[in-house]
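The sequence shown begins at 144 in this note's numbering and counts up one residue at a time.
Just below is one structure, and these are the notes that go with it.
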Amino acid sequence: MLETANTAINQAQRFRIVLSGGTTPKALYTALRSGTTDWSKWEIYFTDERCLPTGDSERNDFMAQQALLNHVPVAAVHTLPAELGPENGAIQANQQLDNTTPFDLVLLGIGEDGHTASLFPGINWGKEQNSPAVIPVHNSPKPPPQRLSLSLNRLANSHQALLLSTGDAKLPALRGLAKSEDNSPLVKLAQHVPVQVYYQATQSV
């Protein structure tokens, strides 16, 4: 990550990274605090957010702030206004988010059902070329049911992605991704963006 960041800063004087939530990347964010980089050139975005009040400990941006962002002087943090609800939050986010400049790096996780960000099987992923950058999510199978998520179309406008995963329960989804056997958002994304997978398991993949 730091190598990617420093290369982007040398070339374009900024590094645009999209952070994921959940528990898996927390240790990585904490370790990054001691990294050698020009934090003043980092611009932070988020893959998705739960529709909870600002400052709620279950929000993805809260975890990232506690683990990393409160400890380093980044240039900008672009949170998703999920506290406004899925519809109004998506409207405001799309008014604020630059939909043309590619992200340098996107961090992603994977669920046991193959979902990434808040793009779950059976819902709209926003994969069409005219899809907005941020889409509202209703009836998420994981609580809370209402969320905001970057669309598949916006995630595909990235230079590269890192997929972080731990636990044996994720193995079936990862195997499906590796073989491109399933119709998941990650399989679709990998058709447009190089995806590197980092997996920690207790059994052999």
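Where a beta carbon is used, it is the ideal one built from N, C-alpha and C, also for glycine.
Q272 counts as exposed, since fewer than 16 other C-beta atoms from the protein chains shown sit within 10 angstroms of its C-beta. Ranked by Cα distance from P275, the first of N300, L211, H258, P284 is N300.
Apart from the 5 residues on each side of it in sequence, Q334 has no Cβ closer than 7 Å to any other Cβ in its chain.
R202 carries a coil assignment under DSSP once its states are collapsed to helix, strand and coil. According to the DSSP secondary-structure assignment, S308 is paired through a beta bridge with Y342. Bounds of the beta strand (DSSP E) holding I160 are 158-162. The continuous beta strand (DSSP E) containing I278 extends over residues 277-280.
When the beta-carbon positions are compared, L298 and L332 come within less than 8 Å of each other. CA-CA distance, A316 to G254, rounds to 7 Å.
In this structure, T243 lies away from G252, with their beta-carbon atoms at least 8 Å apart. For W185, the three-state secondary structure derived from DSSP is strand.
For the 8 Å CB-CB criterion, T222 and F246 do not form a contact.
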